[in-house]
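Undergrad: Encoded as structure tokens, here's the structure I'll be asking about.
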């Protein structure tokens, strides 16, 4: 291995004492490849096994905690007893080479697809019109009742218990990317005038419910992380000033990491008092060493990974790149970084070792990433 990449392979101890073997994290990636009922399909197992083999932490695709929250076709479920058998198999292969296996627990809220939910509707903190995954037209999500809000919190808790029973090493609470927890935190999505209109109340309620289950049913080495989006384009939306409040509050909780969702790890703040400042730098200042931060965004080469870790983020997540080349980490470790595949090739015979549904999404240009057949790919 080239000596300059050694910092990427140092182990890291999480707050609960768990040692992670290196600084690489498999990001939670939508693969649209689970069975129709949300159970784990046969094609998911080799897909996740390959991409977990070299990282320190491996996180599953967003997995819905109740059917009303399903936001993608082929999305995995962590909501019912019938999910356990497949989840056990998934956790086993993810941990096979020493990665810590985490399941991302998720509820789509407004972004749930009405065609996939049991009642043919989506529900959110407040009524809102949105366009969900793959939709050409918008749909209207109704406002959740107080009883339904409380039920969603119980669903996150129940999903955590299922993850424990399935043998996962931890869970990541999905509070990012315009899904339910994010929606409650956002002034754009949450315009309620009852107690749940307090933007930080719901995210903290979910965190506390998950941590309670972990205390009661898991061993002390069970990992709990939280993913968040630092800003949103909607107005009035989540600002870095609001995120400062969230991050400082979460840093006081017994969480094992925070995970910022970014398209570019070096991105800067869009507006407000912190406009133009690097988001990662601000977040690290606010966290102040209390919990590790996972950084992510546009890491396609070994030098990109090195530049990412040099931001000060203790852990870096790989998303699109580990889909392009599942041997990314091992190639750096073996001094073969020049052999890394960093561009999508729609003519590859091996289809980048992707499940067929995900391969078709890539070919169609659904995700922005470097391609051989054009300079850049636009999302549709």
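Numbering (our numbering), first residue to last: 5 to 384.
Beta carbons: idealized from backbone N, C-alpha and C, even for Gly.
Everything numeric in this text was worked out from a predicted model, so none of it was measured.
Across the stretch 138-149 and the stretch 207-227, are there enough close Cβ pairs to call them in contact, namely three or more that are closer than 8 angstroms?
TA: At 8 angstroms Cβ cutoff, the stretches do not touch.
Undergrad: For the stretch 129-138 against the stretch 83-99, are there 3 or more C-beta pairs whose distance is under 8 angstroms?
TA: These segments do not touch.
Undergrad: Rounded to whole angstroms, what is the Cα-Cα separation between residue 306 and residue 155?
TA: Going by the C-alpha atoms only, they are around 44 angstroms apart.
Undergrad: What does the Cβ neighbour count give for residue 197, buried or exposed, with the cut at 16 atoms within 10 Å?
TA: Burial call: exposed.
Undergrad: Quick check on DSSP: helix, strand or coil for residue 31?
TA: If DSSP states are grouped into helix, strand and coil, residue 31 belongs with coil.
Undergrad: Can you tell which of 270, 288, 245, 280 has the C-alpha that lies nearest to the C-alpha of residue 300?
TA: Checking every option, the nearest Cα to that of residue 300 belongs to 270.
Undergrad: Taking all protein chains shown into account, do 16 or more other C-beta atoms lie within 10 angstroms of the C-beta of residue 1, making it buried, or fewer, making it exposed?
TA: For residue 1 there is no data in the structure shown, the boundaries of the chain being 5 and 384.
Undergrad: Quick one: grab the DSSP three-state call for residue 262.
TA: Three-state result, residue 262: strand.
Undergrad: Residue 230 bridges to which residues according to DSSP?
TA: Paired residue(s): 177, 262.
Undergrad: Give the straight-line distance between the Cα atoms of residue 278 and residue 132, rounded to the nearest whole angstrom.
TA: Using only the alpha carbons, I get a separation of about 29 angstroms.
Undergrad: Going by C-alpha distance, which of 60, 164, 65 is nearest residue 221?
TA: For the residues 60, 164, 65, the minimum Cα distance to residue 221 belongs to 164.
Undergrad: Of all the options 176, 226, 47, which has the alpha carbon lying nearest to the alpha carbon of residue 207?
TA: If we check each option's Cα against that of residue 207, 176 comes out closest.
Undergrad: Compare the C-alpha of residue 149 against each of 99, 372, 200, 123 and name the closest.
TA: Checking every option, the nearest Cα to that of residue 149 belongs to 200.
Undergrad: Less than 7 angstroms between the C-beta atoms of residue 361 and residue 51, yes or no?
TA: No; because the gap between Cβ atoms is not below 7 angstroms, this pair is not in contact.
Undergrad: What runs of the alpha helix (DSSP H), each 4 residues or longer, lie entirely inside the stretch 128-170?
TA: Fully enclosed alpha helix (DSSP H) runs of 4 or longer: 150-170.
Undergrad: How far does the beta strand (DSSP E) with residue 73 in it extend, from its first residue to its last?
TA: First-last for residue 73: undefined, no H or E at that position.
Undergrad: Can you name the start and end residues of the beta strand (DSSP E) that residue 299 belongs to?
TA: Looking at the DSSP string, the run of the beta strand (DSSP E) that includes residue 299 is 297-300.
Undergrad: In this structure, does DSSP put residue 306 in helix, strand or coil?
TA: Looking at residue 306 - three-state DSSP - the assignment turns out to be helix.
Undergrad: When the Cα atoms are used, what is the spatial distance from residue 276 to residue 234?
TA: Answer to the nearest angstrom: the Cα atoms are 13 angstroms apart.
Undergrad: Please state the DSSP three-state secondary structure of residue 223.
TA: Residue 223 falls in the coil class under three-state DSSP.
Undergrad: Hey, could you find the ends of the beta strand (DSSP E) residue 322 is sitting in?
TA: It spans 319-322 - the beta strand (DSSP E) in which residue 322 sits, taken as one unbroken run.
Undergrad: Can you list, in chain order, the residues of its chain whose CB lies under 8 angstroms from that of residue 15, leaving out five sequence neighbours each side?
TA: Hits under 8 angstroms: 23, 24, 25, 26, 60.
Undergrad: Spatial neighbours of residue 58 within its chain, please: CB distance less than 6 angstroms, with the 5 preceding and 5 following residues excluded, ordered by chain position.
TA: 333, 334.
Undergrad: Measuring alpha carbon to alpha carbon, tell me which of 336, 129, 260 ends up nearest residue 73.
TA: Taking only the C-alpha atoms, the option nearest residue 73 is 129.
Undergrad: Specify the secondary structure class of residue 365 as computed by DSSP and reduced to three states.
TA: Three-state DSSP puts residue 365 in a helix.
Undergrad: Pick helix, strand or coil for residue 272, following the three-state DSSP scheme.
TA: If DSSP states are grouped into helix, strand and coil, residue 272 belongs with the strands.
Undergrad: Going by the beta-carbon positions, is the gap between residue 172 and residue 109 smaller than 7 angstroms?
TA: It is not a contact, given that the beta carbons lie outside the stated cut-off.
Undergrad: Three-state secondary structure (DSSP) at residue 283?
TA: Residue state, collapsed to three classes: helix.
Undergrad: Which residues does DSSP pair with residue 24 in a beta bridge?
TA: DSSP output for residue 24 lists 16 as bridge partner(s).
Undergrad: Less than 7 angstroms between C-beta atoms, sequence neighbours within five positions excluded: which residues of the same chain meet that for residue 183?
TA: Closer than 7 angstroms at Cβ, skipping near neighbours: 75, 110, 111, 112, 113, 115.
Undergrad: If you check the beta carbons only, do residue 281 and residue 5 fall under 7 angstroms apart?
TA: No, the Cβ-Cβ distance between residue 281 and residue 5 is not below 7 angstroms.
Undergrad: Between the stretch 186-196 and the stretch 118-127, can you find at least three pairs of beta-carbon atoms closer than 8 angstroms?
TA: With a cut-off of 8 angstroms, the stretch 186-196 and the stretch 118-127 do not count as touching, because too few Cβ pairs lie within range.
Undergrad: With respect to the beta strand (DSSP E) encompassing residue 277, which residues constitute its N-terminal and C-terminal limits?
TA: Careful: residue 277 lies outside any beta strand (DSSP E) and carries neither H nor E.
Undergrad: Note the first and the last residue of the continuous alpha helix (DSSP H) segment covering residue 246.
TA: Looking at the DSSP string, the run of the alpha helix (DSSP H) that includes residue 246 is 244-254.
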